[in-house]
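Student: Dumping the structure here so I can ask a few things about it.
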Amino acid sequence: MDEKIRILVVDDEKVVRNACHRVLTGKGYEVATAENGQQALEVLGQETVDLILLDLKMPVMSGEELLEITSTKYAHIPVIIITGHGTVDTAVECMKKGAYDFITKPFQIDPFLITITRAAEKRKLEQKARQFEEENIRNLYDLNLEKSRLKTIINRMANGIMVTNRNLEVVLHNPALMRLMEISEGIQSPAPISKIINDESLTKTLKQILNGETSEDESISQEISTGINVLKAISAPALGPDKSVVGTVTVLEDITAFKQLDQMKSDFVNMVAHELRSPLVSIRQLNSVLLEGLAGPLEEKQQDFVNRGKNKIDSLLELINDLLDVAKIEAGQYVQRQVPTDIGKIIEEIVALMEPRAREQGITLTFSCQDLTPVHADPKNIEEIFNNLVSNAINYSPEGGQVTISARGQGEYMEIKVEDTGVGIAPEELPKIFDKFYRVKHPKTRQVIGTGLGLAIVKGVVEAHHGTIDVESAVDKGTIFRILLPVITK
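Under my numbering, think of the first position of the sequence shown as 958, with each following residue one higher.
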């Protein structure tokens, strides 16, 4: 009799955990639950788990953080992402990082159970394959003999399988590999790897494995292109009875659809943003005409309502512009015109622009520049970096606080710091602040309005200029953003 599949449900919503428990136990599965990633790790360390249902957005430890751990430490356990409609793109990214599938809230029972059943069957097949491999691993150095016994299993797998010996000759492969490589004729083993895959990066990886440059339990994941298709290749050493490397094993998965979906998402966001911006600009202009009295005088209450509508339109336009900026960054098209740029002058202009606002909120805004040389950059992009960072520093600083901008030359780099004495950021939130749509939650800053895209744009712009950005913060003491940009050298 087959052992029951044990499923771990990780979600911070009790109603979701209870619903999954009720439905899955009714179908004969064993179910354990955890309300965050940290509790899930404790369960994984104490119990046998065959399948994980994982929510993305959780306190203490998010689903994305837990996935990074399970993809290496518990790579054999299929992970199904639980996501809302607003984070489908994040779920797709998680699948690229090793998640098996994703389902969206609210669940529909039949598709939900179909996904669980498919993952459970995959888990059972992998368990049988692993048991079979363990029984025969002592003969792995003679892979031709192994081929006849593994053929049934690997031929039924949807992913391509390729095993090489120490001479980089393919000694075992399956039909899925031939299909992915678009090879119609038969290949007799052993065959030179170039007859099947002619990718320099993958060949280099396999040579590193054979030379012992990776540990025996380490796998290397990379993307390769074959014509119009994009494949994810995961390679690991094949070990003999004495733990020596006798070859390599590579699993190839077609991720072309995910790449296309990612591009479609970017194109969709771009299209929707463009289509929305034009009518919103027109409505804003009409509201401005009304406020200026060009269509007749307005009473005080009417003027207040029209002004509120205009402010809401400005917020929507800001969100649309941010979405367009993110789409450009992801497409590598954001930085388009780089010229020798005086960072000190830009800082001075930003401080002059922000100083009245800071003074109004009772905040002291200062800056200093030392040993600066020009930077090869897009001035508008650099302005946006400082606009975002200085605006955030002012917004998150209490009355009587201080915001300081400093820039100084450090050889081939320029170091720029934006420091504040604000509410600070909790340590567990620091790794997430550059994520799209992520906003730090703090009771003192609930009134601060934003899209959650500003810091994602800042990071994208800095990296597009071949620079780096990091952050240090202490709760109730303040935050320091530190940027390094390469300068123009003679």
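Don't be surprised by glycine CBs; every beta carbon is placed ideally from N, CA and C. None of these values were measured; they are calculated from a predicted model.
(1) Would you identify the three-state DSSP class for Thr1446, choosing helix, strand or coil?
(2) Roughly how far, in whole angstroms, is the beta-carbon of Val1206 from the beta-carbon of Ala1195, given that I think they are within contact range, below 8 angstroms?
(3) Could you give the C-beta distance for Ile1414 and Asn1345, rounded to a whole number, given that I count them as a contact under 8 angstroms?
(4) Flag this pair as yes or no: are the beta carbons of Lys1216 and Ser1245 separated by less than 8 angstroms?
(5) Buried or exposed for Ile1262, please, with buried defined as at least 16 other CB atoms from any protein chain shown within 10 angstroms of its CB.
(6) When the Cα atoms are used, what is the spatial distance from Val973 to Thr990?
(7) Should Ser1141 go down as buried or exposed, given a rule of 16 or more other Cβ atoms within 10 Å for buried?
(8) Quick check on His1471: does DSSP put it in helix, strand or coil?
(9) Is Leu1013 near Thr1040, with beta carbons less than 8 angstroms apart?
(10) If I'm right that Ile1144 touches Met1119 with Cβ under 8 angstroms, what's the distance once you round it to whole angstroms?
(11) Just verifying my parser: in three-state terms, what is the DSSP assignment at Arg1365?
(12) Between the C-alpha atoms of Asp1211 and Asp1046, what's the straight-line distance to the nearest angstrom?
(13) For Ala1056, does the three-state DSSP call read helix, strand or coil?
(14) Indicate the three-state DSSP secondary structure (helix, strand or coil) for Asn1186 in the structure shown.
(15) Could you give the first and the last residue of the continuous beta strand (DSSP E) run that contains Gln1065?
(16) I think Asp918 touches Gly1366, with their Cβ atoms under 8 angstroms apart; what is that distance to the nearest whole Å?
(17) Relative to the C-alpha of Ile1060, which residue among Phe1069, Lys1054, Lys1053 and Lys1164 is closest?
(18) CB Asn1349 to CB Val1418, shorter than 8 angstroms?
(19) So the candidates are Gly1357, Arg1439, Val1432 and Lys1258; which of them puts its Cα closest to the Cα of Ile1342?
(20) Taking the straight line between their C-alpha atoms, what separation do you get for Thr1171 and Gln1165?
(21) Where Leu1247 and Pro1236 are concerned, what is the direct C-alpha to C-alpha distance, given to the nearest angstrom?
(22) Output needed for Glu1356: all residues of its chain with C-beta closer than 8 angstroms, excluding positions within five of it in sequence on either side, in chain order.
(23) Can you list, in chain order, the residues of its chain whose CB lies under 6 angstroms from that of Ala1190, leaving out five sequence neighbours each side?
(24) Quick one: does Val1049 have its CB under 8 angstroms from some CB of chain B?
(25) Check Met1018 in the structure and name its three-state DSSP category.
(26) Using the Cβ count rule (16 or more neighbours within 10 Å means buried), how would you classify Glu1021?
(27) How many whole angstroms separate the CB atoms of Asp1007 and Ile962, which I take to be in contact at a CB cut-off of 8 angstroms?
(28) Gly1357 lies in the alpha helix (DSSP H); which residues open and close that run?
(29) For Gln1065, count neighbouring Cβ atoms within 10 angstroms of its own Cβ and tell me buried if that reaches 16, exposed if not.
(30) Whole angstroms is fine: what's the gap from Glu1083's alpha carbon to Ala976's?
(31) Which residues mark the beginning and the end of the beta strand (DSSP E) in which Gln996 is found?
(32) Can you list, in chain order, the residues of its chain whose CB lies under 8 angstroms from that of Leu1163, leaving out five sequence neighbours each side?
(33) DSSP three-state label for Asp1427, please.
Tutor: Short version:
(1) If DSSP states are grouped into helix, strand and coil, Thr1446 belongs with coil.
(2) The Cβ separation is near 5 angstroms, so the contact holds.
(3) About 7 angstroms separates the two Cβ atoms, so the contact holds.
(4) No, Cβ-Cβ distance for Lys1216 and Ser1245 is not below 8 angstroms.
(5) Reading off the sequence, residue 1262 comes out as Phe, not Ile. By the neighbour-count rule (16 or more Cβ atoms within 10 Å), Phe1262 is not buried but exposed.
(6) Roughly 10 angstroms between the two C-alpha positions.
(7) Ser1141 is exposed by the Cβ-count criterion.
(8) With the chain represented from 958 up to 1447, any question about residue 1471 goes unanswered, as that position is not in the structure.
(9) At the C-beta level, Leu1013 and Thr1040 come within 8 angstroms of one another.
(10) The Cβ separation is near 11 angstroms, so there is no contact.
(11) Taken through DSSP and simplified to helix, strand or coil, Arg1365 comes out as strand.
(12) One C-alpha to the other measures close to 18 angstroms.
(13) If DSSP states are grouped into helix, strand and coil, Ala1056 belongs with coil.
(14) Shown here, Asn1186 sits in a strand according to DSSP, grouped into three states.
(15) That residue, Gln1065, is in no beta strand (DSSP E); it is neither H nor E in DSSP.
(16) The structure shown does not extend to residue 918, since the chain spans only 958 to 1447, so no value can be given for it.
(17) Taking the Cα of Ile1060 as reference, the smallest distance to any Cα among Phe1069, Lys1054, Lys1053 and Lys1164 is reached at Phe1069.
(18) Not closer than 8 angstroms, so no.
(19) Relative to the Cα of Ile1342, the nearest Cα in the group Gly1357, Arg1439, Val1432 and Lys1258 belongs to Arg1439.
(20) Looking at the two C-alpha atoms, the distance is approximately 7 angstroms.
(21) About 17 angstroms.
(22) Cβ neighbours of Glu1356 beyond the five flanking positions: Gln1318, Gly1319 and Ile1320.
(23) Excluding positions up to five away in sequence, the list reads Leu1159, Gln1179, Ile1181, Thr1207 and Leu1209.
(24) Judged by its chain identifiers, the structure shown contains no chain B, having just a single protein chain.
(25) Reduced to three states, the DSSP call for Met1018 is coil.
(26) Label assigned to Glu1021: buried.
(27) Between Ile962 and Asp1007 the Cβ distance is about 5 angstroms, and since that is below 8 angstroms, they are a contact.
(28) Boundaries cannot be given for Gly1357, as no alpha helix (DSSP H) includes it and DSSP labels it neither H nor E.
(29) Around the beta carbon of Gln1065, fewer than 16 other beta carbons sit within 10 angstroms, so the residue counts as exposed.
(30) Those two C-alpha atoms are separated by around 28 angstroms.
(31) Counting along the chain, Gln996 sits inside no beta strand (DSSP E); it lies in the alpha helix (DSSP H) bounded by residues Gly994 to Gln1003.
(32) Within the same chain, Leu1163 has close Cβ partners Thr1121, Leu1125, Ile1150, Ser1192, Thr1205 and Thr1207.
(33) Residue state, collapsed to three classes: strand.
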